[in-house]
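**Student:**
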Amino acid sequence: MTSNLDPRQKLFVALDLSSLSEAERLVALLGDSATHYKIGYRLGYSDGIAFGRELAASGKTIFFDLKLHDIDNTVREGVESIVRTGAHYLTVHAYPQTMKAAVAGREGSGLKILAVTILTSWNDVDCAEAGYQGNVTTLVQNKARQAVAIGIDGIVCSAQETGMLRAAGIPDRIELVTPGIRPKGAEIGDQKRIVTPSAAIAGGADRLVVGRPITGARDPAAAADAILAEIATTLG
Ligand SMILES: O=c1ccn([C@@H]2O[C@H](COP(=O)(O)O)[C@@H](O)[C@H]2O)c(=O)[nH]1
């Protein structure tokens, strides 16, 4: 049996580009190949919020990866501002107070809050260096459980952890959003917990986040199409 799922719904293209014009060019180049975009620090701190608002109004699914973490009032008010952009997803760091404030801020809106557990550029040594007790697996699991209890809509983790999280009882309604995706042969860069697109889908990732393997490719549209083909084949 083949899947009816549109593979484009599984792929967030990270618009980590230095200017609005570069981002506009990439979105035009990708055309219908991409329906979901992520905007992070690089574009977000310049024209990215307005551009995300524009893309959302044009029918694209927009994910602001702002990784909020601040005092409750600031987080809540920040989330309220993001609600007004019409975006669909927003990240906060997976600290209890921050997650509670974010959930309060998005009350009554359609904005989904995603909790960033342990960055995919970290391994066990990095967690120890940051003063955490426990390894990546334990920390991701504990943070995910806390996030679910608080009412968060999704978890950001590596696709290495998706199976473990479902086995630990993280319910299917919680979206597992996975950066650190690297097609075979792609440059790894600063990522440490990487997974190929097909392995991520096979392992139960709900959404893949891909930046440099697309934005840094000589032919970004071809790179995105190759990832979509890999996703489609795995979905069956
Ligand atoms: O744990 C995390 C959380 C967020 N990210 C973001 O995803 C993209 C990944 O980009 P690549 O170029 O494909 O590495 C980037 O915007 C990160 O800020 C993450 O990598 N890991």
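With this note's numbering, letter number 140 in the sequence shown gets 157, and the count goes up by one each step, no holes. Beta carbons are placed, not taken as given, at the ideal position from N, Cα and C, and that holds for glycine. Because the structure is a prediction, the values reported are computed rather than measured.
In chain order, what residues of the same chain lie with their CB nearer than 8 Å to the CB of THR189, ignoring the 5 residues before and after it?
**Tutor:** Looking at the sequence shown, residue 189 is not Thr but Asp. Answer for ASP189: ARG183, listed in chain order.
**Student:** ARG229: beta carbon under 7 Å from a heavy atom of ligand 1?
**Tutor:** Yes.
**Student:** Kindly indicate which residue of ALA145, GLU41, LEU72 and ASP89 has the alpha-carbon position closest to the one of GLY122.
**Tutor:** Minimum Cα distance to GLY122 is reached at ASP89.
**Student:** Hey, how far is the Cα of THR154 from the Cα of PRO196?
**Tutor:** Roughly 16 Å between the two C-alpha positions.
**Student:** Run through DSSP, which three-state label would ARG59 get?
**Tutor:** Helix, per DSSP.
**Student:** Taking its Cβ as the centre, do 16 or more other Cβ atoms sit within 10 Å of LYS55, making it buried, or is it exposed?
**Tutor:** LYS55 is buried by the Cβ-count criterion.
**Student:** What residues in its chain sit with their C-beta under 7 Å from that of ALA40, if we drop five residues either side in the sequence?
**Tutor:** Here the set comprises LEU32, LEU34, LEU60 and PHE68.
**Student:** At a cut-off of 7 Å, would you count SER138 as near ligand 1, judging by its Cβ distance to the nearest heavy atom?
**Tutor:** Answer for SER138: yes, Cβ within range of ligand 1.
**Student:** Excluding sequence positions up to five away, which residues of its chain have a Cβ less than 7 Å from the Cβ of VAL226?
**Tutor:** For VAL226, where only same-chain residues beyond five positions count, the Cβ hits under 7 Å are PHE29, ALA31, LYS55, VAL194, THR195, PRO196 and ILE198.
**Student:** Keeping to the same chain, check which residues put their C-beta closer than 8 Å to that of CYS144; ignore five residues upstream and five downstream.
**Tutor:** Counting only Cβ-Cβ distances below 8 Å, and skipping sequence neighbours, we find ILE135, GLY151, ASN152, VAL153 and LEU156.
**Student:** Any chance the CB of ALA31 is under 7 Å from a heavy atom of ligand 1?
**Tutor:** The answer is yes for ALA31.
**Student:** Which residue marks the beginning of the beta strand (DSSP E) containing THR78, and which one marks its end?
**Tutor:** From DSSP, the beta strand (DSSP E) with THR78 extends over 78–85.
**Student:** Start and end of the alpha helix (DSSP H) containing ALA111?
**Tutor:** ALA111 -> no alpha helix (DSSP H), and no H or E assigned at all.
**Student:** How far does the beta strand (DSSP E) with ARG224 in it extend, from its first residue to its last?
**Tutor:** Residues 224–227.
**Student:** May I ask you to list the residues that DSSP assigns as paired with ALA195?
**Tutor:** In the sequence as displayed, the identity of residue 195 is Thr instead of Ala. DSSP, once it has assigned bridges, lists LEU225 as partnering THR195.
**Student:** So ALA217 and ILE172 are in contact, right, with Cβ under 8 Å, and what is the actual spacing, rounded?
**Tutor:** Going by Cβ atoms, the distance from ALA217 to ILE172 rounds to 14 Å, so no, they are not a contact pair.
**Student:** Would DSSP call ALA234 helix, strand or coil?
**Tutor:** Looking at ALA234 - three-state DSSP - the assignment turns out to be coil, as it is neither helix nor strand.
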